[in-house]
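Undergrad: Structure below; questions to follow.
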Amino acid sequence: MSESIHSIRVGKARKIPNTDVFSAIAKDIVSSSIFLGENGFEGNEHADTRHHGGPEKAVHFYAGKNYSAWKRENIIHSDLLKPGAFGENITLNTVEEKDIFIGDIFQLGEAVIQVSQNRQPCWKLNFRFDYEQMSTSIQENGRTGWYCRVLQEGVVKQGDNLNLLERLQSRWSIQTLNHLMYIDPLNSSLLEGIAGLEYLGKTCRASLTKRLENGAVEDWSRRLFYTPES
Numbered sequence: 001m002s003e004s005i006h007s008i009r010v011g012k013a014r015k016i017p018n019t020d021v022f023s024a025i026a027k028d029i030v031s032s033s034i035f036l037g038e039n040g041f042e043g044n045e046h047a048d049t050r051h052h053g054g055p056e057k058a059v060h061f062y063a064g065k066n067y068s069a070w071k072r073e074n075i076i077h078s079d080l081l082k083p084g085a086f087g088e089n090i091t092l093n094t095v096e097e098k099d100i101f102i103g104d105i106f107q108l109g110e111a112v113i114q115v116s117q118n119r120q121p122c123w124k125l126n127f128r129f130d131y132e133q134m135s136t137s138i139q140e141n142g143r144t145g146w147y148c149r150v151l152q153e154g155v156v157k158q159g160d161n162l163n164l165l166e167r168l169q170s171r172w173s174i175q176t177l178n179h180l181m182y183i184d185p186l187n188s189s190l191l192e193g194i195a196g197l198e199y200l201g202k203t204c205r206a207s208l209t210k211r212l213e214n215g216a217v218e219d220w221s222r223r224l225f226y227t228p229e230s
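FYI, in this note's numbering the residues of the sequence shown are 1 to 230.
Encoded structure:
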C-alpha cells in the first residue's frame, strides 16, 4: 500500500464560528516541510489536552471516500464537507477504515508511524457541523478516521509517500474496532481479541478491558453531547 500525501494540516485552538466552543479542529495546510515528533506535527495544538493529542493520537487520518459518503446522505451542508473538515492532519484518497489494521506500520517522509486506534467522536463535532447528532452519526456509520503514534520522528512534506512497511496482524481493522466500540460493544470474542493487542492505544485498551471485566459499557453521554461539565 502506498499513497502520495497531497497536503498536511495543523491547527491552532480557536473558537468554532458562531459558538463559544474552543477547538483546534479547523486546520490550515502546511506549505513547507514540517517536523513530526512524538506528540504530533510541530505547531499542531489541542484545545482539550485531556481527551485529544498525546503520543497515542499523534497523527489523525481521515478517508477521502468518507466525504463522498457524507455528501450522498445529504444531512450536512456540502460547503462544510471539504478535506480537513474532521480535523484530520492528513486526508487519504485510496483507503478507508476497512483497509487499515491496528498496528500497521508506515513510512511517512522521514518518520515511521503506527496505527494505534480509531477516533472517538465527541460533542464538538456537533458544533463544527451544526448538526446535533453528528457525533452519534459517526459512531453509527463508522466514518471515524484513525490515529497513529510516532515510532521514529522526522521531517514530512507534501508529496511524500505513505508506504506500508509492516502489517502485524490482518484480522482487526479500524472498521472492526469501530463495530466493537459502538455497535456490538459487549461481543466477548471481539473484546478478547482486540483488547489483547499490545499496540492498541492504551486508553482504548483499558476501556475494552474494563468492559470484559464488568460486562458493562461505559457511559458515552458526556462525550457525545455537550454539557457544562464536558
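Here a beta-carbon is modelled for each residue, glycine too, at the ideal position from N, C-alpha and C.
Computed from a predicted structure; not experimentally measured.
Between the stretch 145-155 and the stretch 53-73, do three or more beta carbon pairs fall short of 8 Å?
TA: Yes: the two stretches touch, three or more of their Cβ pairs being nearer than 8 Å.
Undergrad: Out of Arg-205, Thr-136, Gln-114 and Glu-110, point me to the one whose CA is closest to Asn-161's CA.
TA: Of Arg-205, Thr-136, Gln-114 and Glu-110, the residue nearest in Cα terms is Glu-110.
Undergrad: Indicate whether the contact test is met: 3 or more Cβ pairs, each with one atom in the stretch 92-103 and one in the stretch 171-187, closer than 8 Å.
TA: Touching, per the Cβ criterion.
Undergrad: Please report the residue range of the beta strand (DSSP E) in which Glu-232 lies.
TA: Outside the shown range of the chain, which is 1 to 230, sits residue 232, and nothing can be said about it.
Undergrad: Taking only the alpha-carbon atoms, compute the straight-line gap between Ala-63 and Thr-136 and give it to the nearest angstrom.
TA: Taking the straight line from one Cα to the other gives about 18 Å.
Undergrad: Keeping to the same chain, check which residues put their C-beta closer than 7 Å to that of Asn-187; ignore five residues upstream and five downstream.
TA: So the list reads Leu-180, once near-sequence residues are dropped.
Undergrad: Thinking Ser-2 and Ile-29 are a contact (beta carbons under 8 Å), I'd like their distance in whole angstroms, please.
TA: With a Cβ gap of about 22 Å, Ser-2 and Ile-29 do not count as contacting.
Undergrad: Can you tell me where the alpha helix (DSSP H) with Phe-127 in it begins and where it stops?
TA: 124-128 is the span of the alpha helix (DSSP H), which, as asked, contains Phe-127.
Undergrad: For the pair the stretch 35-46 and the stretch 117-124, tell me if three or more CB-CB distances fall below 8 Å.
TA: They do not touch, by the three-pair rule.
Undergrad: For the beta strand (DSSP E) holding Trp-146, just list the boundary residues, first then last.
TA: Residues 146-152.
Undergrad: Distance, Cα to Cα, Asp-184 vs Asn-18?
TA: When rounded, the distance between both Cα atoms is 36 Å.
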